[in-house]
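Residue numbers (my numbering): 29 to 138.
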Amino acid sequence: MTAIPQVRFDERGKQLPFTEQEVDTLIPLVTEHYAPRRFALCQVVRDDEGHAFDVSIVAWGIESDDSASVVGYSDAYGQRMRGTFQSAEDAVSLLAAGGDLRLAWVDAAD
């Protein structure tokens, strides 16, 4: 297992630079830690009696620490829904419009 590079300081308290090898070690650690989580917004289609008969993905999204971005599929007119929300759950709440819209996480939470 590779050791995590430590921040070092000189005698005056100024941070010393990382070596190129330390940078190469840090990059995958930082990107893994801060990577956004992927999710899908799934529409459950129901008949008049409330029975589910289809499920489709209406949009894909990514959620970071402070926001969730959503991009939908193009409609018949070539228009594509895009939005930024405080969270994936907020996107579902605001976009459901009384329908059965569900959040499906693609990436497991760490």
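Even glycine gets a Cβ: it sits at the ideal position worked out from N, Cα and C. Since the structure is predicted, the reported quantities are computational estimates derived from the model, not experimental observations.
Assuming residue i and residue j make a contact with CB atoms under 8 Å, what is their CB distance in whole Å?
i	j	result
R110	V120	About 16 Å; that fails the 8 Å criterion.
A63	I85	In fact, because the Cβ distance is near 21 Å, the residues do not count as touching under 8 Å.
A140	A116	Because the chain here runs from 29 to 138, residue 140 falls outside it and cannot be looked at.
Y30	T53	In the sequence on display, residue 30 carries Thr and not Tyr. Sure, about 6 Å apart at Cβ, within 8 Å.
Taking all protein chains shown into account, decide if residue i is buried (16 or more other Cβ within 10 angstroms of its Cβ) or exposed.
i	result
G89	buried
E91	buried
D138	At D138, the pLDDT of 49 sits below 50, so the modelled position is not reliable; the number obtained from the coordinates is stated separately. With fewer than 16 other Cβ atoms within 10 Å, it is exposed.
Going by DSSP, name the residue or residues bridged to residue i.
i	result
I90	R66, S97
D55	Note that residue 55 is Ile in the sequence shown, not Asp. I55 pairs with nothing; no bridge assigned.
A1	Given a span of 29 to 138 for the chain in the structure shown, any question on residue 1 remains unanswerable.
Quick check on residue i: does DSSP put it in helix, strand or coil?
i	result
S102	strand
Q34	coil
S115	coil
L129	strand
Q43	strand
L123	helix
Contact the segment 41-56 vs the segment 69-79: 3+ CB pairs below 8 Å: The segment 41-56 is not in contact with the segment 69-79.
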